[in-house]
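Note sheet for the following structure.
Numbering (the working numbering), first residue to last: 139 to 491.
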């Protein structure tokens, strides 16, 4: 990250690995197709999406890491209270953090590194007024009438605020990097039953529907975002809508039992060739994904199985809930996904399964 192009890297995203999952991974909790295929592919574009967990922030300007703003007005001291709040100590710490986060090549007059002791400034004892101001800054009311949640910090207004925040950074020309280490950098727990897993998928899909119907839709991205990066973000916003076609695919053949007529009137040679080409193309794409990413056929197949489960349950519900929120203003509240502790995983799984 210290190369010539590292000053435009806003964060480094790591894959998340999970513990306590059954050997067969019946609910595709490892999510390897997303972490080892989609995210690695986006690393060759403008960078992977920001998925919240397993991320390290970087950036030349600490005030710009989340907002991505690089306008001249960003450094104006008159805008600091409106943007970051009325805390003078917080405003004074911004240029200090910006200096400490610079690359060595960008520090004027420095050839062999920063001056000795430039980052080792002795800390003075905190007085009562400083502690009181720190408490005020971390309070919930400090961000009122500021740009926190709009241009500063995590972006509010979506259940998938991490994806929206990463989109805002990429939309302003920043890029990200995907880092896969030999040893897992981040590990966590995953849902152990189908109900919690579908609840998690429902939350993600509802956030994607919200993104699709908002100004964060990749169709409205700026010129600073690359074309293929737009396609990747657009796919992240519209994939729940594919459940509509999946439901039709599942329901229409059954209708022939009532009507007595098959949905395909004539199966001529042209239709069979068209169907064969689509099937072969899909199989070749799957083989290329498996060979390129290094995942196993079993892991890929588990992902396809759960995509079918989610596409006929959680995804249509997400489309309906998203439309209710956009059209009727009905807000949907979500709770955190239940993830048991590691020492409780075996007993809980045997009970709930």
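Where a beta carbon is used, it is the ideal one built from N, C-alpha and C, also for glycine.
Would you list the one or two residues that DSSP bridges to residue i?
i           : result
residue 157 : 327
Taking 6 Å as the limit between beta carbons, can you name the residues of its chain near residue i, skipping five residues before and five after?
i           : result
residue 189 : 300
residue 152 : 192, 317, 323, 324
residue 328 : 156, 159, 167
residue 360 : 309
residue 405 : none
residue 184 : 308, 313, 364, 367
For the alpha helix (DSSP H) holding residue i, just list the boundary residues, first then last.
i           : result
residue 396 : 380-397
residue 302 : 299-309
residue 368 : 365-376
residue 446 : 435-449
residue 265 : Note, residue 265: premise wrong, no alpha helix (DSSP H); not H, not E.
residue 175 : Per DSSP, residue 175 belongs to no alpha helix (DSSP H) and is neither H nor E.
residue 460 : 452-461
With DSSP collapsed to three states, give me the class of residue i.
i           : result
residue 286 : strand
residue 184 : coil
residue 313 : strand
residue 295 : coil
residue 348 : helix
residue 275 : helix
residue 400 : coil
residue 334 : helix
residue 225 : coil
residue 219 : helix
residue 146 : helix
residue 198 : Low local confidence applies: a pLDDT of 46 at residue 198 is under 50, so the model's placement there is unreliable, and no value is given.
residue 339 : helix
residue 468 : coil
residue 233 : helix
residue 166 : coil
residue 359 : coil
residue 260 : coil
residue 207 : Summary for residue 207: the model assigns pLDDT 49, below 50, so the residue's position carries little reliability; its value from the coordinates is reported in the next sentence. In the structure shown, residue 207 sits in coil (DSSP, three-state: anything other than H, G, I, E or B).
In terms of alpha-carbon separation, which member of the options lies closest to residue i?
i           : options            : result
residue 173 : 317, 327, 453      : 317
residue 449 : 408, 342, 313, 303 : 342
residue 383 : 454, 222, 232      : 454
residue 427 : 267, 438, 417      : 438
residue 353 : 303, 395, 377      : 303
residue 157 : 149, 146, 147, 169 : 169
residue 267 : 306, 289, 359, 225 : 225
residue 182 : 334, 355, 364, 360 : 364
residue 446 : 278, 264, 277, 336 : 336
residue 164 : 463, 451, 466, 443 : 443
residue 452 : 385, 373, 264      : 385
residue 295 : 349, 396, 340      : 349
residue 372 : 356, 415, 387      : 356
residue 231 : 265, 272, 263      : 272
residue 465 : 351, 332, 227      : 351
residue 358 : 331, 423, 375      : 375
residue 265 : 227, 233, 276      : 227
Provide the residue span of the beta strand (DSSP E) that contains residue i, from first to last.
i           : result
residue 421 : Run containing residue 421: none in the beta strand (DSSP E); it sits in the alpha helix (DSSP H), 407-431.
Quick one: what's got a C-beta closer than 7 Å to residue i's C-beta in the same chain, skipping five residues either side?
i           : result
residue 347 : 378, 456, 457, 460
residue 284 : 220, 221, 222, 223
residue 431 : 174, 175, 178
residue 293 : 287, 299, 302, 303, 306
residue 462 : 468
Within the same chain, show all residues whose beta-carbon is closer than 8 Å to that of residue i, passing over the 5 residues directly before and after it, in chain order.
i           : result
residue 146 : 198, 311, 312, 313
residue 180 : 186, 187, 316, 367, 370
residue 326 : 154, 155, 156, 157, 191, 477
residue 274 : 225, 280
Kindly indicate if chain B contains any beta-carbon less than 7 Å away from that of residue i.
i           : result
residue 262 : Absent here is chain B; the protein component of the structure consists of one chain.
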